[in-house]
Amino acid sequence: MEIPYTVEVRPDTGLFNGKLGVWLFLSSEVMLFAALFSSYILLRIGSVEWPHGWQELNVPMAALNTVVLIASSVTMVMAWASLKVNDFGKFRLYLGLTILAAFIFLVVKYFEYAAHFAEGAGPWRSDFLAIYFTMTGLHALHIIGGIVVNSYLWGPGAKMWKTQPERFTNRIEIAGLYWHFVDLVWIFLFPVLYLL
Amino acid sequence: MDTHAHEDMSKHVRTYLMVFGTLMVLTLITVGVSYLHLPTREQVFVALAIATIKGSLVALFFMHLIDERKLIYSVLTLTVVFFIFLMFVPLATILDKIVLRYQ
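Top line first, the protein sequences correspond to chains A and B.
Numbering (the numbering used here) for the first sequence: -6 to 189.
Numbering (the numbering used here) for the second sequence: 505 to 607.
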């Protein structure tokens, strides 16, 4: 049986099913990260002393990662826009750049983590570092998830472009929604953890 | 695809690039302000205000929320309500102090 409403819009929702599905998933993701932001507030208002993020963390590296991730959001939306004008070559280029940026983000994050552990400053050191590693660790898992999905769509999954181009374009659109969400979470994580 | 669609898309692409530029400038500002080492309350306000603007730009333009179906807005409204509620839950731990102050 064929999956319904992958291309055509479902009359009662006004959407193709995948898009509604991803938005519902992202809503649950908002609550997942909200629980952690809420925990951060709880820990911070309950603590006797709380360090400034910039005292313990590497702001320039995190700022670099912010630029990398925002740039990857732009290349992601450009990948989708390229499919909209039937330019598969450009799509491959832009999605490839998105995946590359995701790897750069992880490498920078790795150097940050490695420097902390070299100083013995792991999550056991303080409440601040515990919530820092929890939140950035969960975010990094999301980056890895994005790399897996985007790599599939760049490689074997791209075959769908030849047979069902509109369906494939929709897939890129909703993979993009997820990727922009991961960017959005970082936009809040960066100031909250590093700059306050 | 016809030329009309191409023109339409290049307009979109221009918007994406403008949003990108704005996000970069806002990132610079938020990092710059953090080096001023403002008092915590002001610093929190500035950092969260800029993050909210940046987040809104991403949601509105990259995630196309500026022009989306009603059902998605309904889902997100519910999410935002619960999100705000969750942010205020930690206040419950200091309610006794707040109540005492105004008694």
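Glycine included, every Cβ here is placed at the ideal spot set by N, Cα and C.
Whole-number beta carbon distance between residue j and residue i, since they are thought to touch under 8 Å
i	j	result
glycine 14 of chain A	threonine -1 of chain A	Incorrect: roughly 11 Å between the Cβ atoms, too far for contact.
alanine 555 of chain B	isoleucine 180 of chain A	6 Å
tryptophan 147 of chain A	glycine 89 of chain A	6 Å
leucine 580 of chain B	isoleucine 557 of chain B	That belief does not hold up - the Cβ atoms of leucine 580 of chain B and isoleucine 557 of chain B are roughly 18 Å apart, past 8 Å.
Where residue i falls: helix, strand or coil (DSSP)
i	result
arginine 518 of chain B	helix
tyrosine 8 of chain A	Strictly speaking, residue 8 of chain A in this sequence is leucine, with tyrosine absent from that position. Residue state, collapsed to three classes: strand.
arginine 118 of chain A	coil
arginine 573 of chain B	coil
isoleucine 63 of chain A	helix
methionine 505 of chain B	At methionine 505 of chain B the pLDDT is 48, less than 50, meaning the model places this residue with poor confidence; the figure from the coordinates comes in the next sentence. If DSSP states are grouped into helix, strand and coil, methionine 505 of chain B belongs with coil.
leucine 13 of chain A	helix
Same chain only: Cβ atoms within 7 Å of residue i, ignoring 5 sequence neighbours per side
i	result
valine 43 of chain A	The sequence shown places tryptophan at residue 43 of chain A, rather than the valine named in the question. Hits under 7 Å: Arg37, Phe121.
alanine 190 of chain A	Shown here, chain A extends from -6 to 189; a query on residue 190 of chain A therefore has no answer.
glycine 139 of chain A	Ala95, Tyr171, Trp172, Val175
leucine 99 of chain A	Ala133, Ile136
tryptophan 47 of chain A	Tyr187, Leu188
serine 75 of chain A	Lys83, Phe84, Tyr87
glutamate 526 of chain B	Before going further, note that residue 526 of chain B is threonine rather than glutamate in the sequence given. Within the same chain, threonine 526 of chain B has close Cβ partners Leu561.
isoleucine 97 of chain A	Val61
serine 40 of chain A	Asp120
leucine 569 of chain B	Ala563
Exposure of residue i, with buried meaning 16 or more beta-carbon neighbours within 10 Å
i	result
leucine 561 of chain B	buried
valine 603 of chain B	exposed
phenylalanine 23 of chain A	The sequence given here has valine at residue 23 of chain A, not phenylalanine. Buried, because 16 or more other Cβ atoms sit within 10 Å of the Cβ of valine 23 of chain A.
lysine 184 of chain A	The amino acid occupying residue 184 of chain A in the given sequence is proline; lysine does not appear at that position. Flag for proline 184 of chain A reads buried.
leucine 25 of chain A	exposed
histidine 109 of chain A	buried
phenylalanine 589 of chain B	exposed
tyrosine 577 of chain B	exposed
leucine 595 of chain B	exposed
serine 514 of chain B	exposed
arginine 164 of chain A	buried
leucine 532 of chain B	exposed
alanine 55 of chain A	buried
tyrosine 539 of chain B	exposed
isoleucine 598 of chain B	exposed
phenylalanine 161 of chain A	buried
valine 2 of chain A	exposed
isoleucine 63 of chain A	buried
methionine 591 of chain B	exposed
valine 67 of chain A	buried
Residues of its chain near residue i, where Cβ-Cβ distance is below 6 Å and the 5 sequence neighbours each way are ignored
i	result
valine 52 of chain A	Tyr187
leucine 521 of chain B	none
leucine 19 of chain A	Phe174
tyrosine 125 of chain A	Leu186
methionine 69 of chain A	Thr91, Gly169, Trp172
Spatial neighbours of residue i in its chain, beta-carbon cut-off 8 Å, leaving aside the 5 residues before and after
i	result
methionine 505 of chain B	Annotation note: pLDDT 48 at methionine 505 of chain B (below 50); position unreliable, coordinate value reported separately. If we look at methionine 505 of chain B and ignore the five residues flanking it on each side, it has no Cβ neighbours.
glutamate 166 of chain A	Lys12, Trp73
leucine 182 of chain A	Met128, Thr129, His132
phenylalanine 566 of chain B	Tyr520, Val523
tryptophan 16 of chain A	Leu170
Distance cut-off 7 Å: residue i Cβ against heavy atoms of the ligand SAH
i	result
isoleucine 124 of chain A	In terms of ligand content, the structure shown is empty, and the ligand SAH therefore cannot be addressed.
Q: Identify every run of the alpha helix (DSSP H) within the segment 151 to 178 of chain A, keeping only runs that are complete inside it and at least 4 residues long; order them along the chain.
A: 153 to 156
Q | Length-filtered (3 minimum) beta strand (DSSP E) runs lying within the segment 44 to 108 of chain A | A | none
(Q) Runs of 4 residues minimum, wholly inside the segment 518 to 606 of chain B: which ones carry the alpha helix (DSSP H) assignment? (A) 544 to 561, 574 to 592, 599 to 605
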